[in-house]
Amino acid sequence: MADTLSPAERSERMSRIRGKNTKPEMKLRRLVHGMGYRYRLHVHGLPGTPDLVFPARHAIIFMHGCFWHQHSSPECRLARMPKSRINFWRSKLKANVERDARNLASLEAMGWRVLIVWECEMKSPDVVGQKVRDFLEQQP
Ligand SMILES: [Zn+2]
């Protein structure tokens, strides 16, 4: 698919994709809330400002946008590289992935358990729900 967006349009779209309170994140929050779990949102004191934090369980869930965080699953269609400014995107996205890895290592070193839910996984909420339940019910 050709990249038909102007730089301004792309940047607007990217800021929406990147932002908190995105659609997949809201879907995940509703799902987890509906399962009876309570959490804190976007905790700024923790590396990576985790999306959902369950302090008593020492557990954290990130909702990762497949593009921004470069979901590496071969089935993922959302992580594909834009067709223009390839070097720009490559280095930017690489920096994101490296930052994610650093944040994950810091959180684990602090004693947090971390689950990543990918944007494209929200197409199967039942599967995600089961994964979240298994994760949260694990004994720390
Ligand atoms: Zn994905």
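Taken in order, the sequence shown gives residues 3 to 142; the numbers are from our numbering.
Glycine included, each C-beta is placed from N, C-alpha and C at the ideal position.
Use the C-beta contact count for residue i: other C-beta atoms within 10 angstroms, 16 or more gives buried, fewer gives exposed.
{"i": "phenylalanine 90", "result": "exposed"}
{"i": "histidine 71", "result": "buried"}
{"i": "isoleucine 88", "result": "exposed"}
{"i": "methionine 112", "result": "exposed"}
{"i": "histidine 44", "result": "exposed"}
{"i": "tryptophan 81", "result": "It should be noted that the sequence gives alanine, not tryptophan, for residue 81. Burial call: buried."}
{"i": "histidine 46", "result": "exposed"}
{"i": "valine 129", "result": "exposed"}
{"i": "lysine 125", "result": "exposed"}
Between residue i and ligand 1, is there a pair consisting of the residue's CB and a ligand heavy atom that are separated by less than 6 angstroms?
{"i": "tryptophan 148", "result": "Outside the displayed range of the chain (3 to 142) lies residue 148, so it cannot be described from this structure."}
{"i": "leucine 80", "result": "yes"}
{"i": "leucine 120", "result": "Note on identity: in this sequence residue 120 is tryptophan, with leucine being the wrong assignment. Yes; taking the cut-off as 6 angstroms, the Cβ of tryptophan 120 has a heavy atom of ligand 1 nearer than that."}
{"i": "histidine 71", "result": "no"}
In the DSSP assignment, find the unbroken beta strand (DSSP E) run with residue i in it and report its ends.
{"i": "phenylalanine 56", "result": "54 to 56"}
{"i": "histidine 35", "result": "Per DSSP, histidine 35 belongs to no beta strand (DSSP E); it is in the alpha helix (DSSP H), 25 to 36."}
{"i": "tryptophan 120", "result": "115 to 120"}
{"i": "alanine 61", "result": "61 to 66"}
So the candidates are the options; which of them puts its Cα closest to the Cα of residue i?
{"i": "glutamate 210", "options": "Gln132, Val129, Arg101 and Cys122", "result": "The first residue shown for the chain is 3 and the last is 142, placing residue 210 beyond what the model contains."}
{"i": "glycine 50", "options": "Val116, Arg79, Pro84 and Gly36", "result": "Val116"}
{"i": "lysine 133", "options": "Tyr41, Leu95 and Met37", "result": "Met37"}
{"i": "arginine 101", "options": "Lys29, Pro52, Arg42 and Arg82", "result": "Pro52"}
{"i": "glutamate 139", "options": "Lys25, Thr24, Lys29 and Val34", "result": "Val34"}
{"i": "alanine 61", "options": "Glu77, Lys125, Asp128 and Trp114", "result": "Trp114"}
{"i": "phenylalanine 137", "options": "Pro84, Ile63, Arg104 and Ala107", "result": "Ile63"}
Using only the heavy atoms of ligand 2, determine whether one of them is closer than 6 angstroms to the beta carbon of residue i.
{"i": "arginine 40", "result": "Ligand 2 is not part of the structure shown, which contains ligand 1 as its ligands."}
What residue range does the alpha helix (DSSP H) around residue i cover?
{"i": "isoleucine 70", "result": "With the sequence shown as reference, residue 70 is identified as tryptophan, and isoleucine is not the correct amino acid for it. Here tryptophan 70 belongs to no alpha helix (DSSP H), and DSSP marks it neither H nor E."}
{"i": "glutamate 139", "result": "127 to 139"}
{"i": "lysine 85", "result": "Element bounds for lysine 85: n/a, residue is neither H nor E."}
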